[in-house]
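Q: Per mature numbering (1 follows the signal peptide of the UniProt record, and there is no 0): the sequence shown = residues -21 to -1, 1 to 482. First, the structure itself, so that you have it in front of you.
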Amino acid sequence: MMPSQLHVLILGLLLLGLVQADVSQFLKLGDAAYANSEFTSAVRHYSSAIDLQSTVPLLYTKRAAAYMSLRSLSQALRDLDRAVQLDGSFVQGYLNRGKLQRQMCSYAAAQRDFERVLELKPGQKVADQELKRTLSARTKLEQLEALERQLSLQQQQQQASEGGGEGGGDASSNPAAAAVQALERIRPTLDALYEDSPDCLRAQLLEARLQLSAEGYEEVVGLTGRVLRADERQLEALVLRGRAYFYLADHDLAKRHFGEALKYDPEHREARSGFNKVKEYDRKRSRAERAVEAQDWREAERALSEALHVDRNHRRGNEGLWFGLCRARSALRQHASAATACANTLLLAPGHREAGLALVRELMEAERYDEAQVRARELLSSHHQRDGEFHELYREAERRLKMSKRKDYYKILGVDSSASDRDVKKAYRDLARKYHPDKVTAEEREAAEAQFREVAEAYEVLSDEEKRRLYDSGQDLDMAGGGGGGGHPWGHPGGMHFQFRYG
């Protein structure tokens, strides 16, 4: 060997020794940082070691462990991939990667890793246990997805069978209630799956979808937030989170999440649909608000109806729209349909005071007195026990019901309730002559006598000022005292206070 070659060899050996010393030092620093839960520092030290010696599988498995502690699972997986590429018989690398794959519910990949370990070391205990755990977890996930498909099919069949009538989004067969029941049914299986696969994206998104159907919007925000912390570009999580914020009536955040999804995929159909829905809802609601403020009731009725058709499931937003429709229809004297709108407001917000008062008043204006009394009693007992206005309204409903069941003396005489004394007397005389027993045939006499008695009874009351006052006020004719009633049907001559509101 020539002297120059010898010098090069010696220099190379010295440099190799220095590199190995540096790698060893970085490895020790990384291990110390990891032991102290300083995972970012651990990654930095392990990376320095890898930069110096990139063909050592152990270095990648150590950095992968630090990445996992930092919840950087995709980076951890890349390091474990590199470790087994460098050494196809690296048992610990396959075990670690298989566990991570199982944790992320990539069960087919996890199964291959554990089976590879068993090829390398037949009977290896950890691999055998992990393989069984992986297969069990996969079965749980398949069961959950089958249940979700079943629920989705039931909801589609229900939607197909339902008509398009006006309603407040609280049908007798409630999709939200069905989703709540489904969540309760799958919860033990879901919790068991999370024990094996805590970072299972498929399970997290499945749970978020069910929570959205169950109207658990805060839960959806929490679940999707966890997903997006791991992968900010996860499109389904962005869309689900956008929908949840829409139903929570935070439309700005809803549009932001739909827009974020569209930034990553401009053709994403569900993100585009969600974004457009928020814009349409806000536009139509604003038009309805302007019409209500201007007291343009026909335009308000039309605009409110259009806004409600954007999404019947938007409970927090639609509460205000239904109440606005209740008010607009009342102003248009469409009392029966106004009562429906008031009732739908209460379906979404059972304690809504103004909607409760309006419902009873509109039912009375529609002459549905039995229903008015029942609803007044229900509202009193459930939400407004100490509200004097509800007590007064209940008494008024009772009075109107009682009045509706008595004889209508004005109708018997064929006069209006505003008829003068002269009109009453004239009507009585005309009818008395018509039904007088001497003016009819023998066959008609019995019916005529009965009719004559009715006419006489009506005249006796309506011709007496005090009796007529008592009759008009709905009181018993043998009772003294003043009556009530009358006035603006909403009880507020100047118009009730009204605003669109969420929640």
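We put the CB at the ideal spot given by N, CA and C, even for glycine.
Take the Cβ of T34 as the centre, count every other Cβ of all protein chains shown within 10 Å, and call the residue buried at 16 or more, exposed below.
A: Counted from its first residue, the sequence shown places residue 34 at position 55. T34 should be labelled exposed.
Q: Compare the beta carbon distance of L202 and A158 with 9 Å and say whether it is the shorter of the two.
A: Sequence index remark: in the sequence shown, residue 202 carries index 223 (1-based). Sequence index remark: in the sequence shown, residue 158 carries index 179 (1-based). Not a contact, by the Cβ cut-off of 9 Å.
Q: Can you tell me the Cα-Cα spacing of G296 and K258, whole angstroms?
A: Residue numbering aside, residue 296 sits at position 317 when the sequence shown is read from its first letter. Residue numbering aside, residue 258 sits at position 279 when the sequence shown is read from its first letter. Approximately 14 Å, taken between the alpha carbons.
Q: Can you list, in chain order, the residues of its chain whose CB lies under 6 Å from that of A44, leaving out five sequence neighbours each side?
A: Translated into the one-based positions of the sequence shown, residue 44 becomes position 65. Cβ within range, chain order: n/a, list empty.
Q: Where in the segment 370 to 395 do unbroken runs of the alpha helix (DSSP H), each at least 4 residues long, occur, reported from the N-terminal end onward?
A: 388 to 392
Q: List the whole-angstrom C-beta distance separating G253 from R208, where the pair is believed to meet the contact cut-off of C-beta under 8 Å.
A: Taking the sequence shown and counting its residues from 1, the one referred to as residue 253 is at position 274. Taking the sequence shown and counting its residues from 1, the one referred to as residue 208 is at position 229. That belief does not hold up - the Cβ atoms of G253 and R208 are roughly 21 Å apart, past 8 Å.
Q: Please state whether DSSP places Q160 in a helix, a strand or coil.
A: In the sequence shown, residue 160 corresponds to position 181, counting from 1. When secondary structure is reduced to three states using DSSP, Q160 falls in the helix class.
Q: What did DSSP end up calling H24 once you bin it into helix, strand or coil?
A: Translated into positions along the sequence shown, residue 24 becomes position 45. It is helical.
Q: On the DSSP letters alone, give me the boundaries of the alpha helix (DSSP H) that F69 sits inside.
A: Start at 1 with the first residue of the sequence shown, and residue 69 comes out as number 90. Premise fails: F69 is in no alpha helix (DSSP H) and is neither H nor E.
Q: Roughly how many angstroms separate the alpha carbons of F69 and S48, rounded to a whole number?
A: Here the question's residue 69 lines up with position 90 in the sequence shown. Here the question's residue 48 lines up with position 69 in the sequence shown. In a straight line, the C-alpha of F69 is about 22 Å away from that of S48.
Q: Does the distance from the C-beta atom of S3 to that of A12 stay below 9 Å?
A: On the sequence shown, residue 3 is found 24 positions in, with the first residue counted as 1. On the sequence shown, residue 12 is found 33 positions in, with the first residue counted as 1. Not in contact: S3 and A12 (Cβ atoms no closer than 9 Å).
Q: For V206, which three-state DSSP category applies?
A: Here residue 206 refers to the residue found at position 227 of the sequence shown. DSSP places V206 in helix when its eight states are reduced to three.
Q: Which of the three DSSP states, helix, strand or coil, is assigned to V96?
A: Here residue 96 refers to the residue found at position 117 when the sequence shown is read from its first residue. Correct three-state label for V96: helix.
Q: If contacts are defined as beta-carbon pairs under 8 Å, then E280 and R308 qualify, I think. What distance do you get, rounded to the angstrom?
A: Along the sequence shown, read from residue 1 onward, the residue named residue 280 stands at position 301. Along the sequence shown, read from residue 1 onward, the residue named residue 308 stands at position 329. 6 Å between Cβ atoms; contact.
Q: For Q183 and E346, I'd like the C-alpha separation in whole angstroms.
A: By 1-based counting over the sequence shown, the position of residue 183 is 204. By 1-based counting over the sequence shown, the position of residue 346 is 367. Going by the C-alpha atoms only, they are around 53 Å apart.
Q: Considering only their Cβ atoms, is the gap separating L79 from L56 smaller than 9 Å?
A: Residue 56 sits at position 77 when you count from the first residue of the sequence shown. Residue 79 sits at position 100 when you count from the first residue of the sequence shown. For the 9 Å CB-CB criterion, L56 and L79 form a contact.
Q: To which residues of the same chain is L227 closer than 6 Å at the C-beta, ignoring the five residues directly before and after it?
A: For the purposes of this step, residue 227 is identified with residue 248 of the sequence shown, where counting begins at 1. Residues of the same chain with a CB within less than 6 Å of the CB of L227, apart from the 5 flanking positions on each side, are Y196 in chain order.
Q: Give me the residue from D402, Q64 and L180 with the minimum Cα distance to Q213.
A: As a position in the sequence shown, residue 213 is number 234, starting the count at 1. Checked all of D402, Q64 and L180; the closest Cα to Q213 is L180.
Q: Please report how far the alpha carbon of L372 lies from the alpha carbon of A155, in whole angstroms.
A: As a working note, residue 372 is residue 393 in the sequence shown. As a working note, residue 155 is residue 176 in the sequence shown. Looking at the two C-alpha atoms, the distance is approximately 34 Å.
Q: If we require 4 or more residues per run, which alpha helix (DSSP H) segments fall completely within the segment 305 to 337?
A: 314 to 327
Q: Tell me whether S192 is buried or exposed, calling it buried when 16 or more other Cβ atoms sit within 10 Å of its Cβ.
A: Within the sequence shown, the letter at position 213 stands for residue 192. Counting Cβ neighbours within 10 Å, S192 comes out buried, since at least 16 surround it.
Q: Within 10 Å of its beta-carbon, does S85 have 16 or more other beta-carbons around it, so buried, or fewer, so exposed?
A: One-based indexing of the sequence shown puts residue 85 at position 106. By the neighbour-count rule (16 or more Cβ atoms within 10 Å), S85 is buried.
Q: For E272, which of helix, strand or coil comes out of DSSP?
A: Walking along the sequence shown from the start, residue 272 turns up at place 293. Note: E272 maps to helix in three-state DSSP.
Q: Are the CB atoms of L283 and A273 nearer to each other than 9 Å?
A: By 1-based counting over the sequence shown, the position of residue 283 is 304. By 1-based counting over the sequence shown, the position of residue 273 is 294. For L283 and A273, no; Cβs fall outside 9 Å.
Q: Which value, in whole angstroms, describes the spacing of the CA atoms of S452 and D402?
A: Against the sequence shown, residue 452 aligns to sequence position 473. Against the sequence shown, residue 402 aligns to sequence position 423. Near 20 Å, if we compare the C-alpha coordinates of D402 and S452.
Q: Determine, using beta carbons only, whether G67 and K41 come nearer to each other than 9 Å.
A: As a working note, residue 67 is residue 88 in the sequence shown. As a working note, residue 41 is residue 62 in the sequence shown. Against a cut-off of 9 Å, the Cβ pair of K41 and G67 comes out as no contact.
Q: So what does DSSP say about V257, is it helix, strand or coil?
A: Locating residue 257 in the sequence shown gives position 278, counting from the first residue. The three-state secondary structure of V257, taken from DSSP, is helix.
Q: Using a Cβ-Cβ cut-off of 7 Å (strictly less than) and excluding sequence neighbours within five positions of C321, which residues of its own chain qualify?
A: Translated into positions along the sequence shown, residue 321 becomes position 342. The answer, listed in chain order, is C305, A334, A337, L338 and E341.
Q: Which parts of the segment 430 to 459 are runs of the alpha helix (DSSP H), unbroken and 4 residues or longer, counting only runs that do not cross its ends?
A: 444 to 451
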